[in-house]
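Report on the following structure.
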Amino acid sequence: MRWLITGGGGMLATDVLERIALTGEPVIALTRADLDLCEARAVRDFVCAYRPRVVVNCAAWTAVDDAEKHEDVAMAVNGRAVEVLADACVRAGARLVQLSTDYVFDGRSARPYREDDEPNPLNAYGRGKLAGEVAAAGHYVVRTAWLYGSAGRNFVKTMIRLAGEREFVNVVDDQRGQPTWTADLADYLVRLAQSDQPPGVYHGTSAGETTWYGFAREIFTLLGTSPDRVRPITTADYPMPAARPANSLLACTRGEPLRDWRAALHAAWPVLASRAGRQCSPA
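Under numbering that gives the first Met the number 0, think of the first position of the sequence shown as 0, with each following residue one higher.
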């Protein structure tokens, strides 16, 4: 099985590449400099020439707040480029695994969102990712949320850094979600692409739930410092350009659910802490 990973320099792509490498199957990971998905002809030509069996699209505009000011650019990357890539995959006979997000939902549901629930994004980023889902219809669409990993910027690394800089850290406590380790998600994506599961929408998040505040307290505990240094605030106390859903919980009713978020964080911790530069005392 020949694999192609787009967005190859990103946090998730790094773990997907490592996971595929364990299989010994041929794989190539391309950064934006290697292949700009907004260049339709280049995308079609490369996929036609390389003829992958599976394409995992990790490329995305992920700057949620900046998308409010540059929705046209975000839409081009997260929506229109996916349409081109999906078409190229059909022509090459390849499976496309398209990553999406909890932000396609408005967060007003009292329960976790199922795969067949009607999307209603609150912000420009969510609208772009929903357009990508529509473009990838007939392929595999995997929604995920609250990602962290050893590569790239993420919430875990930010909390480790702030633990070393501040006596107290204020963190939002009225947004619920499922922190998801990219290594776990990478394993899920590879197994899904190799399986006999039919194409469609899947949810790939850790089991259980917490808030950003609860997530931060667990990180501080793992750092060996007092979790009481984390103080709860509301979304209204920390306004951002892009509206965030209060409920980001995704129900995994298709396929196998990932392990509990706390167990995953503990398993990931040795690598995360060492690469982030473990410091926990306030400056």
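Where is the CB? At the ideal position from N, CA and C, for every residue including glycine. None of the values given here were measured: they were computed from a predicted structure.
Residues near residue i by beta carbon distance below 8 Å, same chain, minus five either side
i      : result
CYS47  : ALA87, ARG90, ALA91
SER225 : PHE219
HIS289 : With the chain running from 0 to 282 in the structure shown, residue 289 is simply not present.
Closest residue to residue i among the options (Cα-Cα distance)
i      : options                        : result
ALA80  : ALA215, VAL168, GLU132, TYR102 : GLU132
VAL171 : TRP211, TRP180, LEU191         : TRP211
PRO238 : ALA267, LEU36, ILE27, ASP173   : ASP173
ALA123 : GLU114, ARG165, ASP71          : ASP71
TRP60  : ALA267, ALA73, THR233          : ALA73
SER108 : ALA28, GLY176, ARG18, GLY78    : GLY176
ARG142 : LEU191, HIS265, LEU29, ASP195  : LEU191
GLY223 : ALA272, THR30, GLY151, TRP145  : ALA272
GLU166 : GLY125, ASP227, THR209, ALA150 : ASP227
ALA144 : THR100, THR30, ALA263          : THR100
ARG274 : ALA28, ALA235, GLN193, ASN153  : ASN153
ALA262 : THR209, ALA235, TYR49          : THR209
ARG18  : HIS69, GLN193, THR30           : GLN193
ALA93  : ASP35, LYS156, GLU24, MET0     : MET0
THR30  : HIS69, LEU16, GLU24, GLY78     : LEU16
THR22  : ALA235, ASP236, VAL189, PRO231 : VAL189
Residues near residue i by beta carbon distance below 6 Å, same chain, minus five either side
i      : result
PRO240 : ASP64, GLU67
LEU129 : VAL103, PRO118, PRO120
PHE214 : PRO178
ALA75  : CYS37
GLY6   : ALA12, CYS57, ALA58
THR233 : ASP173
ALA242 : LEU121, ASN122
ASP35  : none
PRO231 : ASP172, TYR212
ALA62  : none
LEU146 : THR179, THR181
Three-way DSSP call (helix, strand, coil) for residue i in this model
i      : result
GLN196 : coil
PRO256 : coil
ARG190 : helix
SER205 : coil
ALA262 : helix
TYR139 : strand
ARG175 : strand
TYR112 : strand
ALA28  : strand
TRP211 : helix
VAL170 : strand
LEU95  : strand
ALA282 : The predicted position of ALA282 is uncertain, since its pLDDT is 43 and thus under 50; a value taken from the coordinates is nonetheless stated next. ALA282 falls in the coil class under three-state DSSP.
TYR102 : helix
ASN77  : helix
TRP180 : strand
CB-CB length for residue i against residue j, believed under 8 Å
i      : j      : result
THR204 : LEU257 : 7 Å
GLY127 : TYR201 : Not really, about 20 Å apart at Cβ, beyond 8 Å.
GLY137 : PRO198 : 6 Å
VAL26  : ALA20  : 7 Å
LEU3   : PRO51  : 4 Å
VAL168 : VAL229 : 5 Å
THR252 : ARG40  : Contact doesn't hold; Cβ gap of about 39 Å is too wide.
GLY207 : TRP260 : 5 Å
GLY125 : GLY9   : The Cβ separation is near 19 Å, so there is no contact.
Beta carbon proximity, residue i to chain D, threshold 8 Å
i     : result
LEU21 : No chain D appears in this structure, which consists of one protein chain only.
Other residues of its chain near residue i: CB distance less than 7 Å, five sequence neighbours each side excluded
i      : result
LEU95  : VAL54, ASN56, LEU84, ALA85, CYS88, ALA135, HIS138, TYR139
TYR327 : Residue 327 is absent from the model: the chain starts at 0 and stops at 282.
ASP14  : GLY148, THR181, ALA182, ALA185
ASP195 : none
PRO111 : LEU248, LEU249, ALA250
| How about the region 207-220 and the region 33-52: do they share at least three Cβ pairs that are nearer than 8 Å? | Counting Cβ pairs under 8 Å, fewer than three are found: no touch.
| query | So, do the region 108-122 and the region 144-164 have three or more beta carbon pairs nearer to each other than 8 Å? | reply | no
| message | Pairs of beta-carbons, one from the region 241-254 and one from the region 99-108, closer than 8 Å: are there three or more? | response | yes
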